[in-house]
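Q: Here the sequence shown stands for residues 1 to 564, numbered as in UniProt numbering.
Could you have a look at this structure, given as structure tokens, before my questions?
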Amino acid sequence: MVSINPESKSRAVNREVLSELIKLHGKTSLGGKLPAYDGRKSLYTAGSLPFESEEFSVTLVDPEKKDKEKAEREYKITILIAGRTDLYHLQQFLKGRQRDMPQETIQVLDVVLRESPSWNYVTVSRSFFSTTFGHRGDIGEGLECWRGYYQSLCPTQMGLSLNIDISATSFFKPVTVVQFVLEFLNLRDASRPLTDRDRVKIKKALRGVRVETNHQEDQIRRYKITGITPVPMSQLTFPVDERGTRMSVVQYFMQRYKYNLQYTSWPCLQSGSDARPVYLPMEACKIVEGQRYSKKLNDKQVTNILRATCQRPQQREQSIREMVLHNKYAEDKFAQEFGINVCSDLVSVPARVLPPPMLRYHDSGKEKTCVPSVGQWNMINKVGRPPSIEKAFTRFGVPALKNIPTIIFGADVTPPPPGEDSASSVAAVVASMDWPEITKYSGLVSAQPHRQEIIENLFSVTKDPQRGNVNGGMIRELLIAFRRKTGRRPERILFYRDGVSEGQFSHVLLHEMDAIRKACASLEEGYQPEVNFVPVEKKHYTRLLSGDHGRHDMTDKSGNKLSG
Numbered sequence: 001m002v003s004i005n006p007e008s009k010s011r012a013v014n015r016e017v018l019s020e021l022i023k024l025h026g027k028t029s030l031g032g033k034l035p036a037y038d039g040r041k042s043l044y045t046a047g048s049l050p051f052e053s054e055e056f057s058v059t060l061v062d063p064e065k066k067d068k069e070k071a072e073r074e075y076k077i078t079i080l081i082a083g084r085t086d087l088y089h090l091q092q093f094l095k096g097r098q099r100d101m102p103q104e105t106i107q108v109l110d111v112v113l114r115e116s117p118s119w120n121y122v123t124v125s126r127s128f129f130s131t132t133f134g135h136r137g138d139i140g141e142g143l144e145c146w147r148g149y150y151q152s153l154c155p156t157q158m159g160l161s162l163n164i165d166i167s168a169t170s171f172f173k174p175v176t177v178v179q180f181v182l183e184f185l186n187l188r189d190a191s192r193p194l195t196d197r198d199r200v201k202i203k204k205a206l207r208g209v210r211v212e213t214n215h216q217e218d219q220i221r222r223y224k225i226t227g228i229t230p231v232p233m234s235q236l237t238f239p240v241d242e243r244g245t246r247m248s249v250v251q252y253f254m255q256r257y258k259y260n261l262q263y264t265s266w267p268c269l270q271s272g273s274d275a276r277p278v279y280l281p282m283e284a285c286k287i288v289e290g291q292r293y294s295k296k297l298n299d300k301q302v303t304n305i306l307r308a309t310c311q312r313p314q315q316r317e318q319s320i321r322e323m324v325l326h327n328k329y330a331e332d333k334f335a336q337e338f339g340i341n342v343c344s345d346l347v348s349v350p351a352r353v354l355p356p357p358m359l360r361y362h363d364s365g366k367e368k369t370c371v372p373s374v375g376q377w378n379m380i381n382k383v384g385r386p387p388s389i390e391k392a393f394t395r396f397g398v399p400a401l402k403n404i405p406t407i408i409f410g411a412d413v414t415p416p417p418p419g420e421d422s423a424s425s426v427a428a429v430v431a432s433m434d435w436p437e438i439t440k441y442s443g444l445v446s447a448q449p450h451r452q453e454i455i456e457n458l459f460s461v462t463k464d465p466q467r468g469n470v471n472g473g474m475i476r477e478l479l480i481a482f483r484r485k486t487g488r489r490p491e492r493i494l495f496y497r498d499g500v501s502e503g504q505f506s507h508v509l510l511h512e513m514d515a516i517r518k519a520c521a522s523l524e525e526g527y528q529p530e531v532n533f534v535p536v537e538k539k540h541y542t543r544l545l546s547g548d549h550g551r552h553d554m555t556d557k558s559g560n561k562l563s564g
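See the structure below:
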């Protein structure tokens, strides 16, 4: 375990601190080990370190600060041996001799394989992006599309597999702030003043973005934007001495740098705090390359990204293979340190097309049955909704659920939009309210902490001064509503859970399954219906590609695998 003081929320800063530590003490105090670091609290080595706990001190120099005393910052690093991980339980799990997946062991190996790309590329969640991966596409409004790849280590029936797929996301274009504003606001005339609405939009888009000055060729300094001035640059003044003498930004740049500012009707960028602001003319600043745009994209930008990245299966397979070769896993020093070998070939698996289900239509159509072909249903001369539709539902129901009262739940957590750092997440749960038809649903929503994946309010117990402990929660309320509507208590629960990240499956299952059990037990002593907890994963990165792209009996017109 690693602790860094003063703490930093930036993984990049933490990595710089650890890098400096390894340079200074790697061959001595660290025993020549090459550690893998997750950028937060976890540090892994192949073998034991020569100590149980040790404190180190390193100094980093911030090139963005002019004053040497302020530019140098000392960090205290404490490394504490928190535990040791072996591969025995992982081997047992992969052989089917152990039910619980050793998530910690898999996380260690995943961090090791992510160490090199974390240094070489821009990291966004589980994906890595770089301009070396291909052409940057302009998607409009001052943004561009960078290519990259998703990487995740996961256990499969074939052993440990490295899941890699092509990905893309939006970045700020490395242009002057003036050019960005013109593109972002779709302006042609830079001489006209910006409206208050324009200023608010720019402030929201550029807050937190790093810029570098370009008005001094021999000295480039970097700043982080904290806001936009409320008045134009021509009206903006600041004190220049202890007597309170004020000077405009325009005058200051002319006297100090011989720099004639052109866009004086535009506001300035602001860096630093409100108490000690630093004013930066937009034309004297350029956006630093490699900064992801985390706000929500508009429809046109999303379309442009899809158009730039959409590939046929054969092209996608080639791109994945090229990405693997580009990363040179066989030469990765961290993989070598931990004894990890990565095969550069795609996994080959036997496959067959499942026979499609027979579809039956009402007798008034010319055809009574239909077999789907290539995943499509021929609806010509078929009656989709005869007059007796309600009667048919009443008579047949859903055969799989007919004999046992069953309730179907659907649950998801919606995080706040990108860029919202404090807004609550919203958890929603819906449940079927009729049986055996299962056509009517009721839903409940609940706010919970920012970006928390586990649903808090599935079951709750609150204390009431008069009634004591009071049971509640969304599962309990929906179970009561189901019984009120149908007159039966459900003997089987199907719980479909969406919105769970890959590494959180077991964690969410443990907590939410427990909440479902408690909600049932709170209704009636001994009430424990059968529960099927099904994680729903739509945005997975598993890509099924044909072993022979030339065989038309194995693919559809686009080159994708046949449905089924």
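Beta carbons are placed, not taken as given, at the ideal position from N, Cα and C, and that holds for glycine.
On a predicted model such as this, the values are computed, not experimentally measured, just so you know.
Along the beta strand (DSSP E) that carries L494, what are the first and last residues, could you check?
A: On the sequence shown, residue 494 is found 494 positions in, with the first residue counted as 1. Unbroken beta strand (DSSP E) run through L494: R492 to D498.
Q: CA-CA distance, V398 and E537?
A: Taking the first residue of the sequence shown as 1, we reach residue 398 at position 398. Taking the first residue of the sequence shown as 1, we reach residue 537 at position 537. Annotation note: pLDDT 48 at V398 (below 50); position unreliable, coordinate value reported separately. Roughly 25 Å separates the two Cα atoms.
Q: In the DSSP output, which residue or residues are listed as bridge partners for L444?
A: Against the sequence shown, residue 444 aligns to sequence position 444. In DSSP, L444 forms a bridge with V429.
Q: With a threshold of 6 Å on Cβ separation, who are the neighbours of H215 within its own chain once the five nearest residues in sequence on each side are excluded?
A: Position 215 of the sequence shown holds residue 215. Y257, Y259 and A284, listed in sequence order.
Q: If we count the other Cβ atoms within 10 Å of its Cβ and call it buried at 16 or more, is K440 buried or exposed?
A: Against the sequence shown, residue 440 aligns to sequence position 440. The residue in question, K440, is exposed, as its Cβ has fewer than 16 Cβ neighbours within 10 Å.
Q: Where does T303 sit, in a helix, a strand or coil, going by DSSP?
A: Here residue 303 is taken as the residue at index 303 of the sequence shown, counted from 1. Correct three-state label for T303: helix.
Q: Report the option in D514, G550, I305 and E453 whose CA atom is closest to the CA atom of F533.
A: Residue numbering aside, residue 533 sits at position 533 when the sequence shown is read from its first letter. Nearest C-alpha to F533: D514.
Q: Short check: CB of I77 to CB of V13, under 8 Å?
A: As a position in the sequence shown, residue 77 is number 77, starting the count at 1. As a position in the sequence shown, residue 13 is number 13, starting the count at 1. Not closer than 8 Å, so no.
Q: Does DSSP put N327 in a helix, a strand or coil?
A: Translated into positions along the sequence shown, residue 327 becomes position 327. In this structure, N327 counts as helix in the three-state DSSP scheme.
Q: May I ask you to report which of helix, strand or coil DSSP gives P155?
A: In the sequence shown, residue 155 corresponds to position 155, counting from 1. Strand.
Q: By Cβ distance below 7 Å, which residues in the same chain neighbour L60 in space, the five residues on each side in sequence not counted?
A: Within the sequence shown, residue 60 is the residue found at index 60, counting from 1. If we look at L60 and ignore the five residues flanking it on each side, its Cβ neighbours are E16, V17, E20, R73 and Y75.
Q: Going by DSSP, name the residue or residues bridged to F128.
A: Taking the sequence shown and counting its residues from 1, the one referred to as residue 128 is at position 128. Looking at the DSSP assignment, F128 forms a beta bridge with T123 and Y149.
Q: Determine the extent of the beta strand (DSSP E) in which A411 is found, giving its start and end residues.
A: Residue mapping note: residue 411 aligns to position 411 of the sequence shown, counting from 1. Unbroken beta strand (DSSP E) run through A411: T406 to T414.
Q: Figure out for me which residue from Q452, T542 and W146 has the closest Cα to the Cα of D412.
A: Mapped onto the sequence shown, residue 412 falls at position 412. The candidate whose alpha carbon is nearest that of D412 is Q452.
Q: According to DSSP, which residues form a beta bridge with P535?
A: Position 535 of the sequence shown, counted from the first residue, corresponds to residue 535. Bridge partners of P535: R497.
Q: When the distance is taken between beta carbons, is M433 closer than 8 Å to K485?
A: Counting from one through the sequence shown, the residue named residue 485 turns up at place 485. Counting from one through the sequence shown, the residue named residue 433 turns up at place 433. Cβ atoms of K485 and M433: closer than 8 Å.
Q: Count Cβ pairs between the stretch 513–530 and the stretch 127–147 that sit closer than 8 Å; are there 3 or more?
A: No, the stretch 513–530 does not touch the stretch 127–147.
Q: Please state whether DSSP places Y541 in a helix, a strand or coil.
A: Taking the first residue of the sequence shown as 1, we reach residue 541 at position 541. Coil at Y541, not helix or strand.
Q: Are there three or more Cβ pairs, one per stretch, closer than 8 Å when the stretch 238–251 is compared with the stretch 200–214?
A: Too few Cβ pairs lie closer than 8 Å, so no.
Q: R246 by DSSP, collapsed to three states: which one?
A: Working through the sequence shown from its first residue, we reach residue 246 at position 246. Note: R246 maps to strand in three-state DSSP.
Q: Pull up the CB-CB distance for F482 and A428, whole angstroms please, since I reckon it's below 8 Å.
A: Translated into the one-based positions of the sequence shown, residue 482 becomes position 482. Translated into the one-based positions of the sequence shown, residue 428 becomes position 428. So it is not a contact: roughly 17 Å between Cβ atoms.
Q: Pick helix, strand or coil for R84, following the three-state DSSP scheme.
A: For the purposes of this step, residue 84 is taken as residue 84 along the sequence shown, with counting starting at 1. If DSSP states are grouped into helix, strand and coil, R84 belongs with coil.
Q: In the structure shown, what three-state DSSP assignment does V461 receive?
A: The residue labelled residue 461 in the question sits at position 461 within the sequence shown. If DSSP states are grouped into helix, strand and coil, V461 belongs with the strands.
Q: What's the gap between the Cα of Y88 and the Cα of Q103?
A: Your numbering for residue 88 matches position 88 in the sequence shown. Your numbering for residue 103 matches position 103 in the sequence shown. Taking the straight line joining both Cα atoms gives about 13 Å.
Q: Secondary structure at L354, three-state DSSP: helix, strand or coil?
A: The residue given as residue 354 occupies position 354 in the sequence shown. It is coil, neither helix nor strand.
Q: DSSP three-state label for I106, please.
A: The count along the sequence shown starts at 1 and reaches residue 106 at position 106. Three-state result, I106: helix.
Q: Can you give me the start and stop residues for the beta strand (DSSP E) that D548 sits inside?
A: As a position in the sequence shown, residue 548 is number 548, starting the count at 1. Element bounds for D548: n/a, residue is neither H nor E.
Q: So what does DSSP say about C310, is it helix, strand or coil?
A: For the purposes of this step, residue 310 is taken as the residue at position 310 of the sequence shown. Coil, per DSSP.
Q: Please state the DSSP three-state secondary structure of D241.
A: The residue given as residue 241 occupies position 241 in the sequence shown. It is coil, neither helix nor strand.
Q: Can you tell me whether I340 is helix, strand or coil according to DSSP?
A: Indexing the sequence shown from 1 puts residue 340 at position 340. Here I340 sits in coil by DSSP.
Q: Quick check: the Cα distance between residue 565 and S546, rounded to an integer number of angstroms?
A: Since the first residue of the chain shown is 1 and the last is 564, residue 565 is not available in this structure.
Q: What are the boundary residues of the alpha helix (DSSP H) that includes S57?
A: Here residue 57 is taken as the residue at index 57 of the sequence shown, counted from 1. No alpha helix (DSSP H) contains S57, which is instead part of the beta strand (DSSP E) from S53 to V61.
Q: Does the count of Cβ pairs from the stretch 520–529 and the stretch 487–494 closer than 8 Å reach three?
A: Cβ pair count under 8 Å is three or more, so yes.
Q: What does the alpha-carbon distance come out to for the pair I106 and R222?
A: Within the sequence shown, residue 106 is the residue found at index 106, counting from 1. Within the sequence shown, residue 222 is the residue found at index 222, counting from 1. About 39 Å.
Q: Hey, which unbroken runs of the beta strand (DSSP E) at 3 residues or more fall wholly within the UniProt domain "PAZ" (176–289)?
A: For the UniProt domain "PAZ" (176–289), whole beta strand (DSSP E) runs of length 3 or above, ordered along the chain, are 210–213, 222–232, 237–239, 246–248, 267–272, 277–280 and 285–287.
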